[in-house]
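Quick note: to get this note's numbering, add 2 to the position in the sequence shown (first position is 1). Glycine included, each C-beta is placed from N, C-alpha and C at the ideal position. Notes to accompany the following structure.
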Amino acid sequence: MRHALLLSLALLVPGMAATAADADPTWPRFRDTYKELIETNTTLSAGDCTLAAQRMAARLRAAGYPEADLHVFVPEGHPKEGGLTGILRGSDPAAKAVLLLAHIDVVEAHREDWTRDPFTLIEEDGYFYGRGTVDMKAQAAVWVDTFVRLREQGYQPKHTLKLALTCGEESGNTAVDGAQWLVEHDRPAIEAGIAITEGIDGMLDEQGRRVALGVQAAEKFYKDYTLEVTNPGGHSSRPRPDNAIYVLMHALERISAHQFPVQFVDANRLYFTRMAKITGGAQGAAMAAIVRNPRDAKAAALLDKDPNLHAMLRTTCVATLLSAGHAPNALPQRASANVNCRIMPGVPPAEVQRTLEQLVGDPAVKITATSNRDLPVPAVALTPAVLGPIEAASAELWPGVPVVPALEPGASDAIYVAPAGIPVIGVTGLFTDPDGGRMHGLDERLRVVSLVEGRDFLYRLAKRYAEQ
Ligand SMILES: [Zn+2]
């Protein structure tokens, strides 16, 4: 899955005319790769990622990759949840590799719900329709195509390029996550100085004009805490002052009134800096002010009104589940709540728990962290070596369209790869409609022009990272 760039206002930047797909002799073969991926069903219920991986491997083999440089991997006991790794060796053994990463599984799609068959690539009215057209078989096909083109050119990059196509990203804990599997079982295949994968798309306005190119460079850490109050209870005709529900309610009130401090890493600092100019007005001024002074309460109050901006500025904790009592005529013996926190990069979860305990300030309320095995994702330092290639490739294709890094308040594919020490940048170069291309939904679609340009962008980007 992935996310729309969190924009409150749209800037209208006239775009360049799209490159004509039919003027590019390599387009038909790329389109065929994309078609083959879309038409290979890779849902968890009825699909086969291993087959898709084998088909992509065949394309790389045909382009001249030796067998030793390709590896279709299949997690034990999950014959249809395989993936593919590949390598194009660089000239400088000291230069860290660049990992081109994509998941090839897709969200379930039922023919009877769709207007068109989700597993047939249909080109209609300037759009490609089909499950995975956006999320994320476009980028997966571009990575395979990039590998094919570079090999055919006899191109040797300075940095080694690595390819990883994985399964299981869309299925949560019900499937094997291929990226996690690679971290645990074939680390050398993905070891890299940087990984590029999906994250945030380019954003079009209602008129199809390019607004901004999004770059995901940080994400928050998901953590649940259970608040629990127990009490001997008793008959409800004889209330006592230490009612478990009231005690819990007061604790939740104190948490709800709390604002965690504004915190910046490169991703949200650059987001607010660049969006200040794009947004303008009072909100734009507040964005600039909060970057200058994170303690500017007036600016924060204005920005906090927008849930998207609020979530990008601070750690948040919010009550999401509540359970209490056992009978209408009995005092509650137990009251509990789940508080879901989204923690800023770099903040230890234990520190957030301490804050919750201090806020509650009542030993009758027991606070426990719910175990989760995921590790926090370190924010990517947006140095010129990281952001420069994106800005340069974007300026070549879309002069004047701003590149806007962002911090994702949710969680992404980076949860497995980034904690292993590989910085993950989420950029697709695919400009999607304000509806996000109906990712995960019915009649998922991508503009043909967006794919033509996005393919060009990602190819240039891979080369720029590989050469610098
Ligand atoms: Zn995805």
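Item                                                                                                                                             : Value
Does the distance from the C-beta atom of N374 to that of Y224 stay below 8 Å?                                                                   : yes
Out of curiosity, what's the CA-to-CA distance linking V15 and R212?                                                                             : Because V15 carries a pLDDT of 36, less than 50, the predicted location of this residue cannot be relied on, and no value is offered for it.
With DSSP as the reference, label L2 as helix, strand or coil.                                                                                   : The first residue shown for the chain is 3 and the last is 470, placing residue 2 beyond what the model contains.
Quick check: G88 and L165, are their CB atoms within less than 8 Å of each other?                                                                : yes
What runs of the alpha helix (DSSP H), each 4 residues or longer, lie entirely inside the stretch 346-422?                                       : 351-362, 386-399, 416-419
Sort R449, L463, E455, P436 by Cα distance to E208 and report the nearest one.                                                                   : P436
With 16 as the cutoff for other CB atoms within 10 Å, does G17 come out buried or exposed?                                                       : Reliability fails at G17, whose pLDDT of 38 lies under 50, so the model's placement of it is uncertain and no value is given.
Measure the Cβ-Cβ separation of G132 and E446 and say whether it is below 8 Å.                                                                   : yes
Work out the CA separation of A99 and P159 for me, nearest whole Å.                                                                              : 10 Å
Who are R344's beta bridge partners in DSSP?                                                                                                     : Y224, T318
If we count the other Cβ atoms within 10 Å of its Cβ and call it buried at 16 or more, is S396 buried or exposed?                                : buried
Under a three-way DSSP split, which group does T168 fall into?                                                                                   : strand
On the three-pair Cβ rule with 8 Å, is the stretch 451-458 touching the stretch 424-438?                                                         : yes
Is D137 near ligand 1, in the sense that its beta carbon is under 7 Å from a heavy atom of that ligand?                                          : yes
Take V150 as the anchor and find which of A288, Y461, K368 has the nearest alpha-carbon.                                                         : Y461
Tell me whether the beta-carbon of V264 lies closer than 8 Å to the beta-carbon of I292.                                                         : yes
Are the stretch 402-411 and the stretch 266-281 touching, with three or more C-beta to C-beta distances below 8 Å?                               : yes
Based on DSSP bridge pairs, tell me the residues matched to E125.                                                                                : F130
Ligand 1 and H112: does the residue's C-beta get closer than 7 Å to at least one heavy atom of that ligand?                                      : no
Using only the alpha-carbon positions, how far apart do A19 and P404 sit?                                                                        : Note that A19 scores 38 on pLDDT, short of 50, meaning its location in the model is unreliable; the coordinates nonetheless yield the value given after this. The straight-line gap from Cα to Cα measures roughly 17 Å.
From what residue to what residue does the alpha helix (DSSP H) around T281 run?                                                                 : 268-281
Relative to the alpha-carbon of P378, which residue among Q218, L361, S414, R449 has its alpha-carbon at the smallest distance?                  : S414
P334 to P243, Cα distance in whole Å?                                                                                                            : 12 Å
What does a CB cutoff of less than 7 Å around W145 pick up in its chain, not counting 5 residues either side in sequence?                        : L102, A104, L165
D34 by DSSP, collapsed to three states: which one?                                                                                               : helix
Since L39 and G134 should fall inside the 8 Å C-beta cutoff, what is the C-beta to C-beta distance between them, to a whole number of angstroms? : 7 Å
Strictly under 8 Å for the Cβ-Cβ distance: is R440 near chain C by that measure?                                                                 : The structure shown contains no chain C; it is built from a single protein chain.
By a C-beta neighbour count over all protein chains shown, 10 Å radius and 16 as the cutoff for buried, is A25 buried or exposed?                : exposed
Can you tell me whether T281 is buried or exposed, with buried defined as 16 or more other CB within 10 angstroms of its CB?                     : buried
Taking the DSSP output, what are the residues bridged to E230?                                                                                   : S338, K368
In angstroms, rounded to a whole number, what distance separates the CA positions of A287 and L86?                                               : 47 Å
Does the structure place the stretch 386-400 close enough to the stretch 245-262 that three or more beta carbon pairs sit under 8 Å?             : no
If I measure Cβ to Cβ from Q470 and keep anything under 7 Å in the same chain, skipping five residues before and after, which residues do I get? : A387, P391
Pick helix, strand or coil for M58, following the three-state DSSP scheme.                                                                       : helix
If we call anything under 8 Å between Cβ atoms a contact, is V74 one with M441?                                                                  : no
By Cβ distance below 8 Å, which residues in the same chain neighbour L463 in space, the five residues on each side in sequence not counted?      : I198, P391, I392, A395, V429, G431
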